[in-house]
Amino acid sequence: MTTSQSRSDKNKAYTSIAQKQSLITSFFAKPKSVAVNSDNTNKSNAKDISDNSVTKNVTNQSIATAEIVLSTNLDSSEVIKSVVQNEEHRSPLDDNSDIYANIDSDDRINKLLTTNTTDRSIFPNTVKRRIIDDSDDFNVIINDNLSKKTVTDRYCTTDCIIENNFWDSDQSDIELDKNSLIDTTADNNIVVYDLDKFIYSNSTSTDTSKANTIESSIYSSESMSTRKSINDDLEDYNRENDEKKYYLACNASKICKMFREYIENYYLYCKTFVFPPWIQPQFIKDSSGRRPDCTSYNPSTMLIPPPTHKWINEYRNVHYTPTMKQYWSIKATHFDKLVLFKMGRFYEIFYIDACIAHKLCDLRWMGKESKPHIGFPEQSLQFYASKMVASGYKVVVVEQMETPKEMLEKKKGMKWSEKVISRDVCQILSKGTLLHSAMLPSESQPLLSIAFKSSKPMFLGDQEYCNFGLCLVDVSTNSINLSFCMDDESRLNLRTTLAHANPAEILYIPSNVNRNVVEIFKRLPLKPQLSLYEITEDDTDMEGIIEDNISSALNSINSDGTGISEADKSLILRSIILASKYLADMQLGNVIKYSNVSMPDQYATNRLKLNTCVYDHLEMFTTTLGEKKNSFFQFIDKTSTAFGSRLLRRWVSSPSTDLAVINSRLDSVEWLMENPQINNEIRTLLCSCIDVERQMGAISNNNTTKRAIQFDHVQSNRLLSFHKLLKGFEPFESLRCLINDKNSNYLATLVTLENEGGAYPDLKPYIAHFMDKLKIVDKQCYPQRGFHEKSDKVFERIDLIIQQLHNELCNLSNSLKTELKFVHSKFKYEVECPEALHKKLSTKYEITSSRKGFIRFRTPRILAFTNELEDMEFERWECLNDYFKLLIEEFTTFAPHFSKAIQIVAEIDCLSTFAYHVLCNNYLMCKPRLYPMEGKPFLHLEDSKHPIIGFIEPEFIPNSVCMNCHDESNICLLLTGPNMGGKSTLLRQICLITIMAQIGSFVPAKICEMTLVDKIFTRLGASDSIMDGKSTFYVELEETSLMMEQASPYSLAMIDELGRGTSTFDGMAIASSSLIYIANKLACRCIFSTHYHLICNEAKLVDSISLYHMASSIMSGDVKFLFKFTKGQCLKSQGLHIAKLAGIPECVLSVAQNIAESMEIKVNRECSGNQLLSECLHLFTKGDLCSLEDLYNKHRK
1 MTTSQSRSDK NKAYTSIAQK QSLITSFFAK PKSVAVNSDN TNKSNAKDIS DNSVTKNVTN
61 QSIATAEIVL STNLDSSEVI KSVVQNEEHR SPLDDNSDIY ANIDSDDRIN KLLTTNTTDR
121 SIFPNTVKRR IIDDSDDFNV IINDNLSKKT VTDRYCTTDC IIENNFWDSD QSDIELDKNS
181 LIDTTADNNI VVYDLDKFIY SNSTSTDTSK ANTIESSIYS SESMSTRKSI NDDLEDYNRE
241 NDEKKYYLAC NASKICKMFR EYIENYYLYC KTFVFPPWIQ PQFIKDSSGR RPDCTSYNPS
301 TMLIPPPTHK WINEYRNVHY TPTMKQYWSI KATHFDKLVL FKMGRFYEIF YIDACIAHKL
361 CDLRWMGKES KPHIGFPEQS LQFYASKMVA SGYKVVVVEQ METPKEMLEK KKGMKWSEKV
421 ISRDVCQILS KGTLLHSAML PSESQPLLSI AFKSSKPMFL GDQEYCNFGL CLVDVSTNSI
481 NLSFCMDDES RLNLRTTLAH ANPAEILYIP SNVNRNVVEI FKRLPLKPQL SLYEITEDDT
541 DMEGIIEDNI SSALNSINSD GTGISEADKS LILRSIILAS KYLADMQLGN VIKYSNVSMP
601 DQYATNRLKL NTCVYDHLEM FTTTLGEKKN SFFQFIDKTS TAFGSRLLRR WVSSPSTDLA
661 VINSRLDSVE WLMENPQINN EIRTLLCSCI DVERQMGAIS NNNTTKRAIQ FDHVQSNRLL
721 SFHKLLKGFE PFESLRCLIN DKNSNYLATL VTLENEGGAY PDLKPYIAHF MDKLKIVDKQ
781 CYPQRGFHEK SDKVFERIDL IIQQLHNELC NLSNSLKTEL KFVHSKFKYE VECPEALHKK
841 LSTKYEITSS RKGFIRFRTP RILAFTNELE DMEFERWECL NDYFKLLIEE FTTFAPHFSK
901 AIQIVAEIDC LSTFAYHVLC NNYLMCKPRL YPMEGKPFLH LEDSKHPIIG FIEPEFIPNS
961 VCMNCHDESN ICLLLTGPNM GGKSTLLRQI CLITIMAQIG SFVPAKICEM TLVDKIFTRL
1021 GASDSIMDGK STFYVELEET SLMMEQASPY SLAMIDELGR GTSTFDGMAI ASSSLIYIAN
1081 KLACRCIFST HYHLICNEAK LVDSISLYHM ASSIMSGDVK FLFKFTKGQC LKSQGLHIAK
1141 LAGIPECVLS VAQNIAESME IKVNRECSGN QLLSECLHLF TKGDLCSLED LYNKHRK
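Numbering (the UniProt record's numbering), first residue to last: 1 to 1197.
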């Protein structure tokens, strides 16, 4: 009888709900009798138990756990429901926190009642509770029907953490460290029961009769067993949740995402699949034997027991086969990664990795194995691996390093169990190390290696510990940027660097980075992958690590005027070594060697400086919602190529201040506008271009020294990719021919060959040189005859064998007097003939397969030819691999020429995009006129529009702005106006137009004239930083402080409603004093918007400040926004009208109106005297006695 049937039959006797509720209540009531007494003498026996009584194994209060045994049966769903609804009657033995504490009552009931109680993953049927004493030695008393192996497997749970070296333990008893157990007690002789009917005891006597007596008294009733099963399920569920919470809170879970997922998935699947002990949480250790709760635990490694360990013998058939031994040897050093293990033509995934990949990729479980196991064909590697990497995991790709035939030849004379194909790690994939185009988005996905001077200041006020060196590596394009940055505790320069670099992965030394910096990494909108990597002092030796291209870049790093000291250069060196070591471990050792090294654009002296606040406030790359859609870059990026888009992003994030460069770009855009037909042809031609920049990087870095066995024409596909790369440069030549008008000086220079005085390298000889060495046959690429002697011999032999096969086919056709043909069904080169000829075939022929009306066979000669052909095809594979390496080594010597051509075409793509914007937009755009940073700076915009909103809304109201030019002599403007009147939009509009002008684009205005801007500062919107403990007001002041510290006369500052985050008078005082400081001290172009209208009174007394407002009107009690930038002061912000538009109740508005009028009268009365006094003092200070006398006569009454 099954358990469910037993429960159903037993519950028929309880027809009354009241009876059931009574039993449930008694289930949790105080125990009435004692079944086992645990004193030192251990003389008590189990007492008789009535049907409705409750028996409890009790000792004194020091006992941590015990067993409840009920003498009556009850339906499990009723018990579960009662447990949830009557939490005050929890089991007195459950000293852990309530597992249902964070679940609503209804959800608890539904979750438990709808769960199949026989599901091992929900209610595990393992060892339940154990009570131990102070002794270290335990004797195991086992019934005849339970093996010692089962005891070892079932009892070793999280509650029993073995602290000694269990790998070398050969003892028959289980050695436990009492200090590591969760449940402990001071009693000396405690018996522990389990449903599997075995008993642990520390008694010096091995009298099994006592144990059997106690056991029989407990399990004498089937109803008692059923009731106990329900209780044990709940207790075990509670215990597993406690274990899970413990491991999720330990140090390993805090530093490693993979470890957290390992814990989550283990407890989800531990009762569904079998996991060998060494991968179970209670036994898991790193390679040095440290447990996960140890601060120095290394989550990237795991400890595998030696082959002589007893666990290996017990689990050898499934979990430690010769092939799985290879798997564990790799997993031991890559525990924090998902391992894709190549077996034949499939990548297979096991254990926790399989559980994670099953959820991510929706792959089905393979076979009927007890261990978790999934897989996919090798052609789908990029598809599934990209899903795993995008979810934040690192992926290890393990390939076969020899064929089965090679393995058999190498291992002749060895046991069959030892004949295993050798495998090795050939790729390690992470967000910042992807090469395959199918796994990459169009934008750059660089790896950022960063090194700080220290994680803590050496002394109070020391800011140097915030300085950092960085190495930005884009493995997909073989480019490296090196830089050093000085920073302070605000970490603004760090955040700016991260926003500009947009890293997909950040590499850092954990002991070198403090917690605040890590939090900044985690809060980046694109969620980069964080990789921790340690380097030792020995690793700082440059010899053998730093390539010539890096050394030359380091030696010339001071030549650009950055003023980096030798001490600061050491931080750059450290970041390079960190990246170099990490990339070598990721099987990308060639990246550093073949990369182009430069300084990042934002650190060059001829760049417009933008910080992360500007990126956020202007929504340059992402909106306030964290989306790319409707951002400024998404609007302006209409490039035709992926490499053009990446260049445009660099331009936008770091606009130029080189007037010659800007004007050259503007002239080129103007010429393309005047020739729209040519511009359209350029864009059409560029759309046909592949991403040659990334194709070059992928091919160069795929030139690995490891010899992985690939199938399905993988090697010929690599040659085909190289051939495709060479063909990808052909549109470049067509582009050169298209732009042949010498009137466009800059474009003509870009496309004119270097030997003719231009900038474009002549690629034709290089392309022809490599194309002559390749040939395409049946959509596959092979070496051209005469360039590789070994390949020539192999291909000649293959052709000869194929010819011999066809000759054999002809002979068979003649002998059978019918037309035969070769098919490749079950085997290659099977001969297909009509079934009627079967009797005419020789008995030596091998029948291989058939179809309706036909049979297929192979003769001994055909079989010999095919075996030889298989050998030669493998030699061909080796030849293709060698030939590919030779080609790539030769190609890398010419790579700088190809890279230069790519950059030129990318620039043409960007300029063509700017012209496309002018030709397609529905508003007026003009060519900006920029002036060098000399004399007094100015800005003049006539009928300007916001680039994005003006495009979306054709009725957008244009505005004209003058600063220090024409009718406006002042450089600082104070802007007032109603809410929603367009103040913030105007400020953003001016900043974006400035950026567009300095990247070389036309701008949305009728006239645009300005002095070049060296820095832009913005204080727009309201945002706090909860994680940094910064309020909205603090963030505002921090951004304003930065502007006051770094701004120059040629900077552009936009400040919106400074001081609104604090009290009215404090905010007004700070705003007023900041405005006067900017106007008089900084003297930079600034628009300062505010709703503090009293500031206008102070501003009137400052000659360098002019008052403007956004116009509006009141008609029939309603406010009408005119959105016009108008000279003069706005008297009111019309806040009550905005409240009416927002739907505030009329009764609230009427009261607010009365309060506002009374407060306004009071404030005006108090301020009028102060204003008169300030005006008098101002005139007296200026010595304007005439004006002072007029003022006196005006107010003397």
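Positions of the beta carbon are idealized from the N, C-alpha and C atoms, including for glycine.
A residue is called buried once 16 or more other Cβ atoms fall within 10 Å of its Cβ, and GLY853, having fewer, is exposed.
Comparing alpha-carbon positions, the option among ASP353, THR403, ILE1161 lying closest to TYR393 turns out to be ASP353. A check of alpha carbon separations from GLY367 across ILE349, LYS790, GLU378, GLN382 identifies ILE349 as the nearest.
Exclusion of the five residues before and after TYR297 leaves ASN251, ALA252, ASP286, ARG290, ARG291 as the residues of its chain whose Cβ lies within less than 7 Å of its Cβ. The Cβ neighbour count for LYS581, taken over all protein chains shown within 10 Å, is at least 16; the residue is labelled buried. When rounded, the separation of the alpha-carbon atoms in ILE1114 and LYS1124 is 15 Å.
Per DSSP, the continuous beta strand (DSSP E) segment holding THR1126 begins and ends at 1118–1127. Secondary-structure assignment with DSSP links ARG423 through a beta bridge to GLN400. Closest option to ILE678, judged by alpha-carbon separation, among SER1112, THR1032, SER912: SER912.
Rounded to whole angstroms, the Cβ separation of LEU608 and THR657 is 5 Å, and the two are in contact under 8 Å.
One thing to note: ILE577 has its Cβ no nearer than 8 Å to the Cβ of LEU583. A check of alpha carbon separations from MET771 across ALA895, PRO761, TYR782 identifies TYR782 as the nearest. In terms of Cβ geometry, ASP568 and ALA642 do not form a close pair [threshold 8 Å].
Of the candidates GLN382, GLU796, THR639, SER370, the residue whose Cα lies closest to the Cα of CYS361 is GLN382. Three or more beta-carbon pairs drawn from the segment 909–928 and the segment 632–642 are found closer than 8 Å, and the two stretches are therefore classed as touching.
Ranking ALA915, GLY981, GLY1067 by CA distance to the CA of SER1001 puts ALA915 first. In the three-state scheme derived from DSSP, where H, G and I count as helix and E and B as strand, ILE971 is classed as coil. Minimum Cα-Cα distance from PHE275 among the listed residues ARG316, LEU1107, ASP236, ASN516 corresponds to ARG316. Three or more Cβ pairs drawn from the segment 429–441 and the segment 467–487 lie within less than 8 Å of each other, which places the two stretches in contact. The criterion of a C-beta distance shorter than 8 Å is satisfied by ILE356 and LEU338. Comparing alpha-carbon positions, the option among GLU1009, ILE279, PRO441, THR994 lying closest to ALA390 turns out to be PRO441. In the DSSP secondary-structure assignment, CYS833 is bridged to ILE855. Of the candidates ILE1076, LEU720, CYS737, the residue whose Cα lies closest to the Cα of ASP778 is LEU720. If only complete runs of 3 or more residues are kept, the segment 311–359 shows the beta strand (DSSP E) at 338–343, 346–350, in order along the chain.
Taking 8 Å as the cut-off, the Cβ atoms of VAL420 and THR308 do not count as close. Excluding residues up to 5 positions away in sequence, VAL794 lie with their Cβ nearer than 6 Å to the Cβ of ARG876 in the same chain. As the crow flies, the alpha-carbon of GLN282 is around 54 Å from that of GLU868. Distance from the CA of ALA895 to the CA of LYS885, rounded to the nearest whole angstrom, comes to 15 Å. Around the beta carbon of GLN989, 16 or more other beta carbons sit within 10 angstroms, so the residue counts as buried.
Per DSSP, the continuous beta strand (DSSP E) segment holding PRO783 begins and ends at 780–783.
Inter-segment contact for the segment 962–975 and the segment 1040–1048 is absent: fewer than three beta-carbon pairs are separated by less than 8 Å. Distances from the alpha-carbon of ARG1019 to those of PHE956, SER1089, VAL905, SER1063 put SER1089 closest. With contacts defined as CB atoms closer than 8 Å, LEU763 and PHE898 qualify as a contacting pair. By the criterion of a C-beta distance shorter than 7 Å, THR301 is surrounded in its chain by ASP286, SER287, ALA332, THR333, PHE335, once the five residues flanking it on both sides are discounted. From the listed residues ALA901, LEU498, LEU618, HIS1137, the smallest Cα separation to LEU448 is found for LEU498. In the displayed model, PRO377 falls within a strand according to three-state DSSP.
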